[in-house]
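Notes to accompany the following structure.
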Amino acid sequence: MKSLFSLALIFSFTLAHAEVKPADKPKVLLQEIKLLNDNKRIIVPVKIEAKIQSLVSADIEGHVTKILKELGSTVKAGEVIMYLENKDPSYTYAAVPVRSPIAGVLSQMHTTQMTKVNRGDKLFTVINPKSLKLSAEFPSNDVMTVHSGLVGNFKMDSKSDLTLPIKIIGISPLVDSRTGTASAEFEFTDLKKTLPPIGSIGQATFEINQGSIIMIPEASLVFQDGKAMVRVLKGKNQFSKKLIVLGEQRDNNFVVKSGIAKGEQIIVRSSRPLKEGEMFDVDAPAAAKIQ
Amino acid sequence: MGNLYSKPLRVYIILGALAVWGIISGLQLPISLFPNSSQITVSVSIPTGSLSSQQFFEAYGNDLESNLQGMKVESVAVKELHAEYRNQTTNYRITFEWGADPEKAISDVQNLVNARMASASEDIRRGIQVYSWSENRGFFAISFYSPMRSLDDLYQTLEPMITPLKSKVEDAGDFGLWNPNRKEVTVSLIPEKLAQYEITTVQIQSAIEQSVVGLTGGTLKLGEKDYLINLPKNTPNFEMLSQIRISGKGKPAIFLKDVAKITLGVSKNSRQKFKTSGVESLILFASPKEGGNIKQMSDQIMAQLEILKKQWPADVEFRILVNPAEFINRSVMSVVHEVFLAAFLAVIVLFIFLGSFKNVITAAIEIPLSLLMAFILMRLAGMNLNLISLGGLALSAGMNVDASVVVLENIVRHFEHQVEKLTYQDKVKIVITAVNEVRLPIIASTLASLVVFFPLIFTQGLTHSLLGDLAKAVIFSHGLSAVVALILVPTIRLQLLSMGQNLESKSPVEKPLMKLENFYRRTLEGFLTNKKWQMGVFGGVILILPLLVFLVLPHLNKEVIGKPDSDWMIVGVSSPSFSEMKQMESELESLEESLNKNFGDEMLYTFTQIQGSHDGNIMVRIKHKEKIKEMVEKAEELYKNTPTKFYWAESWNPSELSIPDPPQYRLEITGGDPVKRLEAAQDIQAQLLENGIFDKVRVTPTADKEKEIRVQQFVESGSASEVLSKYELSHYMRVVTDGVYAEKIFLKQQEMPIYLRVNSGDVTSVDQLKAFPIGFEGRLIPLGALANITLEDRAPRIYREDQKALIVLTGTLNKNQLDKAKERKLQAEDLLKKYKAKRDQNNPDLPTLAEVQPDKELQTSLDQLKWAVGISIALVFLTMVIQLGDFVHSLLVLVAIPLGFIGVLISLFIFKSTLSLNSGLGTILLNGIAVANSIILVDFIKKLHDEGKDAKTATIEASLARIRPILMTSMTTVLGMLPIALGFGEGGKILQPLGIAVCGGLWVSMLLTLYIVPALQYLYLHSKEKKV
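Protein chains in written order, with our numbering: chain A, 327 to 617; chain B, 141 to 1168.
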């Protein structure tokens, strides 16, 4: 009997040792709901071209007897670039000068000395590097949203930090059925800045304000019965779930149609799943460092 | 027989020869950690081609599933079939019952799938993959690093030395040095240039492919013979790549260098990084081929590395991550130590009772001899030395002296009454009589303790493959010990006698033993006559047994088999908010710093694994494995989750036998509307997690509504085909996102893949994707104009188990929370009940929610063991009936068994051990030993009573005469198993529950048997006397 008693003692001892650890208080990351500009962003690739550009072709058949200007040299309007000569008597055996119709830079040479050219063959291109235009194509969906005079930005590529202000100067009313696009032209508005070289390709971004919206990150959503909810801060360190109506998804954010107002704080992330009514600590925005 | 005993030399030579054979067999036995048996899982992956998941299921899936489910590999059936139908691939996982031949299984599955998919389109059939991974095969891993070299430099240095090793390591299947910095030739296309020249990515890929492809130009007959015209495959080099000509339709040709930058560097796809103590590392990974010996493989690799070490530069270092041989050696050695310790303890017990060293050695020589002879049988039976079979040998070490003790004691007893001088012939006669007297009882009691293992032969699957070896080892060595006892002990005895040695001896603790006997006599007398005492003890036993069964048994933790200690701790981090690998890397760097600060003294080295931006972990090799639990707890305390980072810490043992590790909770969601099913899974998952019921709640296939970026070409405007075809568009997108493999080239004899990528930074938004320029007739068309690019819900995956569509939700507790499993499961059940009640009961679309027992495998194993215990009791009873020829007496013998159960349950509970296969086996073993004790009593009491003594005298005399042998055999067994029960050594934890069960059970059973069995028999005999 005595041994039974001591056994019972051992039992109670072991049971008492099964310690219960208090669960750690969860930590949360909050975000304040703000009214954001609902910017519809349209990005299109653009090609930089010269606004004033002249492609000169041969008026007569003949040989290129002399080229006076080097590629890349500056030429004045009316300056002779090359001579053509035709042995036919009707050309009076004289070399015919070919002149640059505009002032600019000799940018392309399509022929060489002593080449025989036919009437209409390309000879050279002169461009005016100071007058640039940007040509682009707008998808048919966006044609109704953009308009002449709309201001936007130019970037060499999506990663580039350098932006240049641009303006739409014209949009074709015709949508090309083969590409589904309408052609458009832009120009740089700040000419004092260093402009990109002609021929380069970049990106034009236009933002059209369509009013204001509320957006929340995808991580803040919780679902119940298939319906989306957010956890709204209640008091200092509790939350209540609120049913919301979601609009479209923009990358990893959602537009909220209704259910939440400006100024409210929502839980974006938590250190563990939270139960409604549970108390938590609010974490500083910068994630806590390890001890 | 007499002839045999009187010719000692012949006996010694025969036994000596057997011992030598045993040593040779023992050395030849293959060594592994666990028995050679595995459960194989074959995976099949099939691309769905142009079919949607639903279409694929209807066209092929249904038929495939029913065929796969019904297949058999050499009569081993399919246990589980899991099928998942996704949008691009379908995966099947076929798990066979235990014991299927892996290679046969793979080829059978391959044949079946090929036959069933014969009508499918070429692109589907070509993509079929069948493979298997048996976790039990294990692997070997080493990290190489040098603080002075770049990873690539290190790879260049080591690779030419290490790769050829494969041919020298016989058993290696997979073998290779792994450089996580995957190198590639990146052709980074400039989208603007592509647009300018109006070239598609498809054109570039085919240009690269055609520049290397081998072609034929037909055959030409030259004289009598046909000659093939061959345009052989080119092996392009780096410089040649940039000169590849790309020609568009009717446009001047351009070169690859005009539209792309070609570089050689670390692949963008490299999402892994390894570090050893903070230095970036290479991994040498090897796993044995099917049926290969992992220990031999690891030993060979280590030996080769030792040789190579002298050749490589001094700054190159390596650290062992996983060396199964090391663990196996240590485990095997520690079990060998246990065998020796058990034998040593048994010898001490013998000395205490027998006194003379000569007597002790006569009896104890049997321990090594029966072990060695067991090796012969093990070798013949095709077994190997592993923790389980060695455990069996360790167990039997203590039991094996029993037979010798009995023979020895009987011979001594017979000589005690002889006064006059005996001739040698008389001595031989006496010895023969003494041996003959005990021969049958010894064989019978040995049979009784072996017969309990008999049912194990008929168990299946896990139980059989884990315990079969143990049972065989015990049967071999214990069975042989009886034979040795009957031959060797009398021979040695006789020889010693013939040499005129005086063999009289007294126990060194004779006085205390006498006191003990006196105490036993007094208490037993009192017990037999005092009705109150009897009622108290009987009542107590009858009360405590059901109490233990109902109160303690359910609280014992269940596991299949104990897990060995580990010297690796892993601390892991996951962060859903990191987007770049660099963030994870710096996070792990600060974690390593903190680990050094907090655990520095206990750490040997660390190994860091970075898996992409979201996951990473640091493995810490510790100095003292006893501290692992404490360290893991401290790490859990130190590294608390934050809203953006989640930590986990656990011990990791690469050499652990992979056994089913079932979740604690399993819910199957079937029927109803597929969307409702998903929503139910989502809700229940959230509630289980929010209430903290389980630490991990997994939903298969998924609980989230998956999204996809859908690209739909504007077909109506015609722009789709004019500018880019659908294929060209998808190819372009793939180049922009993941990159497209084009070809491979050889650089410095190294194969290097060529990938087409786009040089335009990472695309991080849909808008950026839409802005990609496509050249068309001198214009730049934005990609967004060609297709509608939107984020959409994805078609749900179809997941099926055993041909039934369902969603499976499982709840798992962290290892340190497992003791709460029962309570948490009840909470989950309660939560589900409430959830069900809340649902709209009239909605016919509601799915069915069914809780399913998650640990089926464990349950079946334990159920089988219960049956084995039951049958073993029945067998013992039958043996008793045959031996005693009496029903009531046989039942009396069995009384020892429930008494043993009391001891087992109490000790398992007190020492926080588990209900596992091994504690079950311990119980079976205990049945045999406990019964042997009570047999000695019952048999002798019956004999004396039959000789005419009255019930009381017979009972007391017999009990007193038998107390010493009972104490002796019980103590040798208990002490023999003590090292196992204490769980020392490398693999100690595996057999610990067994040791605890036997030790605890046997003590309690012996003490109670000494009183309860005589008392019951006395009452029976007394009542019989009264009747007469």
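Cβ atoms here follow ideal geometry from the backbone N, Cα and C, with glycine treated the same way.
{"query": "Minimum Cβ-Cβ distance from A/Q529 to chain B less than 8 Å", "result": "yes"}
{"query": "Completely contained beta strand (DSSP E) runs for the segment 235–317 of chain B, where each covers 3 or more residues", "result": "269–272, 280–285"}
{"query": "Burial state of B/E1142 (16 or more Cβ within 10 Å)", "result": "With the sequence shown as reference, residue 1142 of chain B is identified as Leu, and Glu is not the correct amino acid for it. Buried is the call here."}
{"query": "Which listed residue (A/V452, A/T515, A/D551) has its alpha carbon closest to that of A/L397", "result": "A/V452"}
{"query": "Contact under 8 Å by Cβ, B/Q250 with B/V270", "result": "yes"}
{"query": "Other residues of its chain near B/N433: CB distance less than 6 Å, five sequence neighbours each side excluded", "result": "P170, D311"}
{"query": "Proximity test, Cβ basis, 8 Å: A/F549 and chain B", "result": "yes"}
{"query": "Residue burial classification, A/Q439 (beta-carbon count within 10 angstroms, cutoff 16)", "result": "exposed"}
{"query": "Member of B/L607, B/Q749, B/S529 whose CA lies at the smallest distance from the CA of B/A1008", "result": "B/L607"}
{"query": "8 Å Cβ cutoff met for A/I428 and A/N454", "result": "yes"}
{"query": "Ranges of the beta strand (DSSP E) found wholly within the segment 334–392 of chain B, counting only runs of at least 3", "result": "355–362, 365–371"}
{"query": "CB-CB length for B/N540 against B/I507, believed under 8 Å", "result": "5 Å"}
{"query": "Distance between B/S410 and A/K347 (C-alpha atoms, nearest Å)", "result": "At A/K347, the pLDDT of 43 sits below 50, so the modelled position is not reliable; the number obtained from the coordinates is stated separately. Those two C-alpha atoms are separated by around 41 Å."}
{"query": "Closer than 8 Å to chain B by CB, A/L490", "result": "no"}
{"query": "Chain B within 8 Å of A/R598, Cβ atoms only", "result": "yes"}
{"query": "Reduced DSSP category for B/L422 - H, G, I as helix; E, B as strand; rest coil", "result": "strand"}
{"query": "Contacts of B/G924 in chain A (Cβ-Cβ under 7 Å)", "result": "P465"}
{"query": "Same chain, Cβ closer than 8 Å to B/F491, five either side skipped, listed in chain order", "result": "F497, V500, P648"}
{"query": "Any chain B beta carbon closer than 8 Å to A/D609", "result": "yes"}
{"query": "First through last residue of the beta strand (DSSP E) which encompasses A/R425", "result": "422–425"}
{"query": "Cβ-based neighbour list, B/E733, same chain, cut-off 7 Å, excluding 5 preceding and 5 following", "result": "none"}
{"query": "Span of the beta strand (DSSP E), counted from its first residue to its last, around A/S509", "result": "507–514"}
{"query": "For B/W161: DSSP bridge partner residues", "result": "Answer is none; B/W161 lacks a bridge partner."}
{"query": "Boundaries of the beta strand (DSSP E) in which B/D439 is found, first to last residue", "result": "B/D439 -> not in any beta strand (DSSP E); alpha helix (DSSP H) instead, spanning 434–449."}
{"query": "Residue burial classification, B/N982 (beta-carbon count within 10 angstroms, cutoff 16)", "result": "exposed"}
{"query": "Opening and closing residue of the beta strand (DSSP E) in which A/L600 lies", "result": "Here A/L600 belongs to no beta strand (DSSP E), and DSSP marks it neither H nor E."}
{"query": "Residue-level contact to chain A via CB, B/A260, 8 Å cutoff", "result": "no"}
{"query": "Interface flag, A/T437 vs chain B, CB-CB below 8 Å", "result": "no"}
{"query": "Cβ neighbours of B/I528 in the same chain (closer than 6 Å, five flanking residues each side left out)", "result": "P175, D609, L610"}
{"query": "Closer than 7 Å at the beta carbon, the chain B residues around A/K353", "result": "T782, P783"}
{"query": "Continuous beta strand (DSSP E) assignments of at least 3 residues falling wholly in the segment 362–409 of chain A", "result": "362–376, 379–383, 388–393"}
{"query": "Assigned exposure category for B/Q908 - 16 Cβ within 10 Å defines buried", "result": "buried"}
{"query": "For B/Y1158, three-class secondary structure by DSSP", "result": "helix"}
{"query": "B/S261 versus B/G879: straight-line alpha-carbon distance, rounded", "result": "26 Å"}
{"query": "Residues of the segment 566–577 of chain A whose Cβ lies closer than 9 Å to any Cβ of chain B, in chain order", "result": "E574, Q575, R576, D577"}
{"query": "Outcome for A/D502 when other beta-carbon atoms lying within 10 angstroms are tallied against a minimum of 16", "result": "buried"}
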